[in-house]
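Numbers in this note's numbering are just positions in the sequence shown, counted from 1, shifted up by 261.
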Amino acid sequence: MKYLYDPPKIIKSIFPKAYWETKNNKLLLTFDDGPTKAATESILKLLSQLKIKSIFFCVGNNIKNENSLAKEILSEGHEIGNHTFNHQTLWFSNKNKIKEEIELFEKEYFNLTKNKSKYFRPVKGRIDFNLYKNVIQKDYKLVMWSLLTLDYKNDLNIVKFAVTNFLKMNSIIVLHDSLKSKDVILDSIKFISERAEEKNYEFGVPAECLK
Numbered sequence: 262m263k264y265l266y267d268p269p270k271i272i273k274s275i276f277p278k279a280y281w282e283t284k285n286n287k288l289l290l291t292f293d294d295g296p297t298k299a300a301t302e303s304i305l306k307l308l309s310q311l312k313i314k315s316i317f318f319c320v321g322n323n324i325k326n327e328n329s330l331a332k333e334i335l336s337e338g339h340e341i342g343n344h345t346f347n348h349q350t351l352w353f354s355n356k357n358k359i360k361e362e363i364e365l366f367e368k369e370y371f372n373l374t375k376n377k378s379k380y381f382r383p384v385k386g387r388i389d390f391n392l393y394k395n396v397i398q399k400d401y402k403l404v405m406w407s408l409l410t411l412d413y414k415n416d417l418n419i420v421k422f423a424v425t426n427f428l429k430m431n432s433i434i435v436l437h438d439s440l441k442s443k444d445v446i447l448d449s450i451k452f453i454s455e456r457a458e459e460k461n462y463e464f465g466v467p468a469e470c471l472k
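Listed below in structure tokens is the structure:
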């Protein structure tokens, strides 16, 4: 059951340049699949109250459609990572398809920042050697995770189980600012924050966690 939440060591060893845990023994919150009107803005308000900085692995098409929310993510001091343009799983994809999805995202990101994103996370965490090689060659920090909360199941008890049993001081935590998790996401963040405080764990900022 553990491997549903935290990938096994053998998988981590196959992709050694990926980030599975933080490098500074601090927690890193990450959010996938946004931005969305249903969840992102309220998440940003709560993170501001808790003084937590995160990476939002955004879908390029969502950035295009919710440009003001993407700008708000950045203005609040968070990072935006590449999560493809169309929310495409790219394992077993050819080089041209990988290039297209990554570069379409980067076009939207460049319109926001005049820079390239530093971070990449594959959709659903599905990665193979071809995608791994392409991402590393493009000089991204490939950010995986060590705690999948399953918040997309929209059941707070599932999130609480995951966090209670598998939270470590260096966890990279996956949440979602999407329609699937909108009913539980704020309580999920609060629970993670409370659990971290109980265990004397600290939240880090992305640049320090992934140096």
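Every residue gets a Cβ at the ideal spot worked out from N, C-alpha and C, and that includes glycine.
Can you tell me the Cα-Cα spacing of residue i and residue j, whole angstroms?
i    : j    : result
E459 : L440 : 30 angstroms
N395 : N415 : 33 angstroms
F318 : H348 : 10 angstroms
Y393 : L307 : 33 angstroms
N376 : I453 : 32 angstroms
T297 : I341 : 14 angstroms
W281 : M430 : 13 angstroms
G321 : E463 : 30 angstroms
E361 : I275 : 25 angstroms
S378 : K421 : 32 angstroms
G465 : K284 : 10 angstroms
V445 : P467 : 24 angstroms
L311 : K451 : 9 angstroms
L471 : N355 : 28 angstroms
L365 : F427 : 35 angstroms
I419 : P268 : 17 angstroms
E469 : N286 : 10 angstroms
K399 : F390 : 14 angstroms
Three-state secondary structure (DSSP) at residue i?
i    : result
S315 : coil
T374 : helix
T297 : coil
N418 : helix
I220 : With the chain represented from 262 up to 472, any question about residue 220 goes unanswered, as that position is not in the structure.
K472 : coil
L392 : helix
L440 : helix
K429 : coil
What does DSSP give as the partner residues of residue i in its beta bridges?
i    : result
V404 : Y280
L409 : V435
T520 : Because the chain here runs from 262 to 472, residue 520 falls outside it and cannot be looked at.
Y380 : K402
F464 : L288
Could you say which of the options lies nearest to residue i if we only look at CA atoms?
i    : options                   : result
S407 : K472, N418 and V435       : V435
Y266 : D412, D294, T345 and K332 : D412
T301 : K379, H437, N355 and N326 : H437
E455 : P467, K472 and V424       : V424
Y370 : P383, G386, L409 and E327 : E327
K314 : D444, S442, D448 and I433 : I433
N343 : K402, S329, K287 and W352 : K402
K385 : W352, I363 and E364       : W352
T374 : D293, D444 and H339       : H339
E337 : Y380, S329, R387 and S309 : S309
I388 : N357, T350, K263 and I304 : T350
R382 : K287, T291, K263 and P277 : T291
N372 : K443, F390, K263 and A331 : A331
L409 : K278, N391, P277 and L289 : L289
I304 : N461, S442 and E469       : S442
Taking residue i as part of the alpha helix (DSSP H), name the residues at either end of that continuous run.
i    : result
G342 : Run containing G342: none in the alpha helix (DSSP H); it sits in the beta strand (DSSP E), E340 to N343.
S454 : I446 to E459
T350 : Run containing T350: none; DSSP gives neither H nor E here.
S336 : N328 to S336
I271 : K270 to I275
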